[in-house]
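> Structure in structure tokens, see below.
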Amino acid sequence: MAQDKQNEAKIASMDENKENVSDPGVGLEILQIIKDSQQQHGLRHGDYQRYRGYCSRRLRRLRKTLGFKMGNRHKYTGKKITEEMLSDSRYLLLVLMEAERSWSYAMQLKQEANTEPRKRFHLMSRLRKAAKHGQKLEKLCESPSIDAKTKLEAQAYTAYLTGMVEFELQEWKPAMEAFNKCKTIYEKLASAFTEELAVLYHQRVEEISPNIRYCAYNIGDQNAINDLMQMRLIGGGGNMMAEKLEALITQTRAKQAATMSEVEWRGRTLPVKIDKARIFLLGLADNEAAIAQASNEDTKEHLYETLLSECRDTIQAVREELKAEKQRERGPDADTGKVSNLQFLHSYLSYIKLCTVVKRNESMAHTLQAKLKDPHNDENKRGPKPQDLIRLYEIILQSLAELSTLQGLEEDHTFQKEMALKTLVYKAYRCFFIAQSYVLVKKWSEALVLYERVLKYAKEVQSKAQSIGDKELPDVQELIAEVNAEKYSLQAAAILDTEEVNESPAERPVKDNTPLCDRLETFQLDPALVGKQPNLVHFPPGFQPIPCKPLFFDLALNHVAFPPLDDKVEQKGKGGLTGYIKGIFGFGS
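This is the structure we're talking about:
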């Protein structure tokens, strides 16, 4: 209590002096640095190994810049950071990065400990080391040269790391005290600064709150489970806390499931002997209530996926039990034609799964339909199209077809009529969006025929709905009004399109790609000529034939008669043997 009063006094003094131009003390934005580093280096995707590597590299750079190396590659020489060094805030950052490196390694080991339990010992060692570095940072920040804000942030950071250590050791009371201290400091800091600076502190408080509630529940506060369920709806606490929260909810339901022995559906009471089925059916109402209370579509989608995953696991457990039961009952009287209780339970779980798929796709369709009608959609982003809604309604129709064939419900005429009526409703919606997809491509007659088909389906639903009285049946009156409005719009658009086709060539906007240079004699409206890319000439220009370089052949030479040259050519006499001898001895030369 004394420490809390001192913290409040520090914050009060900060609040009085926050208009001052400068603070004489050395400061370090501890929470800001941590959050920025974590978001930029892996923790946005839960990659603790990448963040740990970043912390190691930053430590190396800081030590090199400050000349604060721990020896060399051959020998380690430990150095301590003293108060005399605190004129430079980078020494505080050095200790902070050491704590963050140990913490990120511990979180990495926590992810790996799910498959390798022995790593939990190493995890606790790293967490204790992170808390030790946090205490060292807090002790250094007690120096008079450090400003009040840094001192408080160091205390909150140390309390958080201490709380994490106690939380992993399942020491709930010390962990709760540490988290409460951290929460109190951050709340007071948030109240002492402007809204822009307070956002970060409020986010930290929201991260810590699920841990505090979880500790309170384990101490014995049974009301904390309701708060944890509400936090589950808004997705608070991060991935690690979410896993613990899911395990806690399953454990609570398992305790309550011991009193559940049977369930009633379609006028038949079914004994439930499988523990997994008991737990699922017990939490079904809570899950449906959570989906109804979900604040946004992302949370609702996550809850739907969780419910479907649990339902699939339960169906698999019942299917295995059903297979074992069939093997035990093999014999001449095994096939009596009557659906067993276990088989009917399997049909009930399949009914829950398929109905959940229908509700999820219907919720997604309503969201897309609202975006489709929104005139302020961003043109740079791909918005929803009628084809997306057609696909969703096709999935709904497939689920309804599977519901009609569930074993044990073939003779239930009321159920079959309900499914047939719902099929007509969703066929009408699918037909409506098919018509809208034809309107987009200006196929007016096809769209008009489909709108008439929608009205036919809707009127058939209205005539049959009174005899069945199904409260979950979607109302088609709004769809009928919308179809009538769309029909008038479609007829007007078709008339305008026909007038556009029949108007004179001079008034008709140019729709072909003929450039301006080829239609200079014809006046036509072309809005593209005043746009950013006017179509003026052919570019690049096309190839044209040109004459090639001539080839010359000397044909006159064949018709030229040359003069005789016999008188100028020497006449060689016949020498014989005498000439040969004279030539050898040189007489004839």
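4 is the number that numbering that gives the first Met the number 0 gives to position 5 of the sequence shown; each next residue is one higher, with no gaps. Where is the CB? At the ideal position from N, CA and C, for every residue including glycine.
1. Per DSSP, what kind of secondary structure is PRO209 in: helix, strand or coil?
2. So ALA434 and LEU454 are in contact, right, with Cβ under 8 Å, and what is the actual spacing, rounded?
3. Can you tell which of LEU472, TRP443, GLU137 has its C-alpha closest to the C-alpha of LYS486?
4. On a Cα-Cα basis, can you pick out the residue from ILE207, ILE545, THR81, PHE166 that is closest to THR183?
5. Among LEU420, LEU489, ASP474, PRO473, which residue has its Cα nearest to the Cα of VAL440?
6. Should the stretch 285–294 be regarded as contacting the stretch 262–271, the criterion being three or more beta carbon pairs within less than 8 Å?
7. Could you round the C-beta distance between LYS370 and LEU307 to whole angstroms and report it? I think they count as a contact, below 8 Å.
8. For GLY162, which three-state DSSP category applies?
9. Which residue spans inside the stretch 280–355 form an unbroken beta strand (DSSP E) run of at least 3?
10. If you follow the alpha helix (DSSP H) that PRO473 is part of, which residue opens it and which one closes it?
11. Does DSSP classify THR268 as helix, strand or coil?
12. Using only CA atoms, which one of GLU328, VAL204, PRO526, THR64 lies nearest to ALA158?
13. Let me check understanding here. Comparing Cα to Cα, which of PHE192, GLU176, ALA197 lies closest to CYS214?
14. Could you say which of ALA129, ALA105, LYS131 lies nearest to ARG119 if we only look at CA atoms?
15. In angstroms with no decimal places, state the Cα-to-Cα distance between ILE389 and VAL529.
16. Looking only at its own chain, which residues have a Cβ that is under 7 Å from the Cβ of TYR50, when we skip the five neighbours before and after it?
17. Report back the beta-carbon spacing between LEU196 and LEU139 to the nearest angstrom; my notes put them in contact at under 8 Å.
18. Under a Cβ-count criterion, where at least 16 other Cβ atoms within 10 Å of its own Cβ denotes burial, should GLY236 be classed as buried or exposed?
19. Output the distance between the C-alpha atoms of TRP264 and SER190, rounded to the nearest integer angstrom.
20. Which residues does DSSP pair with ILE145 in a beta bridge?
21. Could you please give the first and the last residue of the uninterrupted alpha helix (DSSP H) stretch that includes THR413?
22. Would you kindly work out how many angstroms separate the C-alpha atoms of THR404 and ASN512, rounded to a whole number?
23. When the Cα atoms are used, what is the spatial distance from ILE233 to ALA129?
24. If we require 4 or more residues per run, which alpha helix (DSSP H) segments fall completely within the stretch 89–127?
25. Taking all protein chains shown into account, decide if GLN107 is buried (16 or more other Cβ within 10 angstroms of its Cβ) or exposed.
26. With distances taken Cα to Cα, identify the nearest neighbour of GLU28 among LEU281, VAL536, ALA153.
27. According to the neighbour-count rule (16 or more other Cβ atoms, all chains shown, within 10 Å of its Cβ), is VAL568 buried or exposed?
28. Following the continuous alpha helix (DSSP H) through LEU55, name the residue where it begins and the one where it ends.
29. Where does GLY627 land, buried or exposed, given buried means 16+ other C-beta within 10 angstroms?
30. Applying the criterion that 16 or more other CB atoms from any shown protein chain within 10 Å of the CB defines a buried residue, is THR497 buried or exposed?
31. In the structure shown, what three-state DSSP assignment does LEU524 receive?
32. Near HIS132, which residues of its chain fall below 7 Å by C-beta distance, leaving aside the five closest residues on each side in sequence?
33. In the DSSP output, which residue or residues are listed as bridge partners for TYR75?
34. Helix, strand or coil for GLU263? Go by DSSP, reduced to three states.
35. Comparing alpha-carbon positions, which option in SER88, LEU348, HIS73, MET69 lies nearest LYS79?
36. When the distance is taken between beta carbons, is TYR350 closer than 9 Å to VAL262?
Put simply:
1. In the sequence shown, counting from the first residue as 1, residue 209 sits at position 210. DSSP places PRO209 in helix when its eight states are reduced to three.
2. Numbered from 1 along the sequence shown, position 435 holds the residue referred to as residue 434. Numbered from 1 along the sequence shown, position 455 holds the residue referred to as residue 454. So it is not a contact: roughly 11 Å between Cβ atoms.
3. By one-based count along the sequence shown, residue 486 stands at place 487. Per the Cα distances, TRP443.
4. For this step, residue 183 is matched to residue 184 along the sequence shown. THR183 has its Cα closest to that of ILE207, out of ILE207, ILE545, THR81, PHE166.
5. Locating residue 440 in the sequence shown gives position 441, counting from the first residue. With distances taken between Cα atoms, VAL440 lies closest to LEU489.
6. no
7. Residue numbering aside, residue 370 sits at position 371 when the sequence shown is read from its first letter. Residue numbering aside, residue 307 sits at position 308 when the sequence shown is read from its first letter. Not confirmed; about 24 Å, so no contact.
8. Your numbering for residue 162 matches position 163 in the sequence shown. Of the three classes helix, strand and coil, the one that applies to GLY162 here is helix, per DSSP.
9. none
10. The residue given as residue 473 occupies position 474 in the sequence shown. PRO473 -> no alpha helix (DSSP H), and no H or E assigned at all.
11. By one-based count along the sequence shown, residue 268 stands at place 269. In this structure, THR268 counts as strand in the three-state DSSP scheme.
12. The count along the sequence shown starts at 1 and reaches residue 158 at position 159. The residue with the shortest Cα to Cα distance from ALA158 is VAL204.
13. Against the sequence shown, residue 214 aligns to sequence position 215. Cα-wise, what sits closest to CYS214 is GLU176.
14. Taking the first residue of the sequence shown as position 1, residue 119 is located at position 120. With distances taken between Cα atoms, ARG119 lies closest to ALA105.
15. For the purposes of this step, residue 389 is identified with residue 390 of the sequence shown, where counting begins at 1. For the purposes of this step, residue 529 is identified with residue 530 of the sequence shown, where counting begins at 1. Near 39 Å, if we compare the C-alpha coordinates of VAL529 and ILE389.
16. The sequence position of residue 50 within the sequence shown is 51, counting from 1. If we look at TYR50 and ignore the five residues flanking it on each side, its Cβ neighbours are GLN37, HIS40, GLY41, LEU42, SER103.
17. One-based indexing of the sequence shown puts residue 196 at position 197. One-based indexing of the sequence shown puts residue 139 at position 140. Their Cβ separation, rounded to whole angstroms, is 23 Å, which puts LEU196 and LEU139 out of contact at 8 Å.
18. In the sequence shown, residue 236 corresponds to position 237, counting from 1. Model confidence at GLY236 stands at a pLDDT of 46, short of 50, so the residue's coordinates are unreliable; what they give is reported in the following sentence. So GLY236 ends up on the buried side.
19. As a first step, residue 264 must be located in the sequence shown, where it is residue number 265. As a first step, residue 190 must be located in the sequence shown, where it is residue number 191. TRP264 and SER190: Cα-Cα distance of roughly 54 Å.
20. On the sequence shown, residue 145 is found 146 positions in, with the first residue counted as 1. Bridge partners of ILE145: VAL25.
21. As a position in the sequence shown, residue 413 is number 414, starting the count at 1. Looking at the DSSP string, the run of the alpha helix (DSSP H) that includes THR413 is 412–439.
22. Numbered from 1 along the sequence shown, position 405 holds the residue referred to as residue 404. Numbered from 1 along the sequence shown, position 513 holds the residue referred to as residue 512. Rounded to the nearest angstrom, the two C-alpha atoms are 57 Å apart.
23. The residue labelled residue 233 in the question sits at position 234 within the sequence shown. The residue labelled residue 129 in the question sits at position 130 within the sequence shown. With a pLDDT of 49 at ILE233, under the threshold of 50, the modelled position of that residue is not reliable, and no figure is offered here.
24. 89–111
25. Stepping through the sequence shown from its first residue, residue 107 is reached at position 108. Answer is buried; the Cβ neighbour count reaches 16.
26. What you label residue 28 is simply residue 29 of the sequence shown in a count that begins at 1. Per the Cα distances, ALA153.
27. Walking along the sequence shown from the start, residue 568 turns up at place 569. With fewer than 16 Cβ atoms within 10 Å of its Cβ, VAL568 is classed as exposed.
28. As a working mapping, residue 55 is identified with position 56 in the sequence shown. A small fix is needed here, since residue 55 is Ser in this sequence, not Leu. Residues 47–65.
29. Since the first and last residues shown for the chain are 0 and 588, residue 627 lies out of range.
30. Counted from its first residue, the sequence shown places residue 497 at position 498. Exposed: under 16 other Cβ atoms inside 10 Å.
31. Within the sequence shown, the letter at position 525 stands for residue 524. Reduced to three states, the DSSP call for LEU524 is strand.
32. The count along the sequence shown starts at 1 and reaches residue 132 at position 133. So the qualifying residues of the chain are VAL94, GLU97, ALA98, SER101.
33. Taking the sequence shown and counting its residues from 1, the one referred to as residue 75 is at position 76. DSSP, once it has assigned bridges, lists GLY70 as partnering TYR75.
34. Taking the sequence shown and counting its residues from 1, the one referred to as residue 263 is at position 264. Reduced to three states, the DSSP call for GLU263 is strand.
35. In the sequence shown, residue 79 corresponds to position 80, counting from 1. The option with the nearest alpha carbon to LYS79 is MET69.
36. On the sequence shown, position 263 is the one that residue 262 refers to. On the sequence shown, position 351 is the one that residue 350 refers to. Contact flag unset, no.
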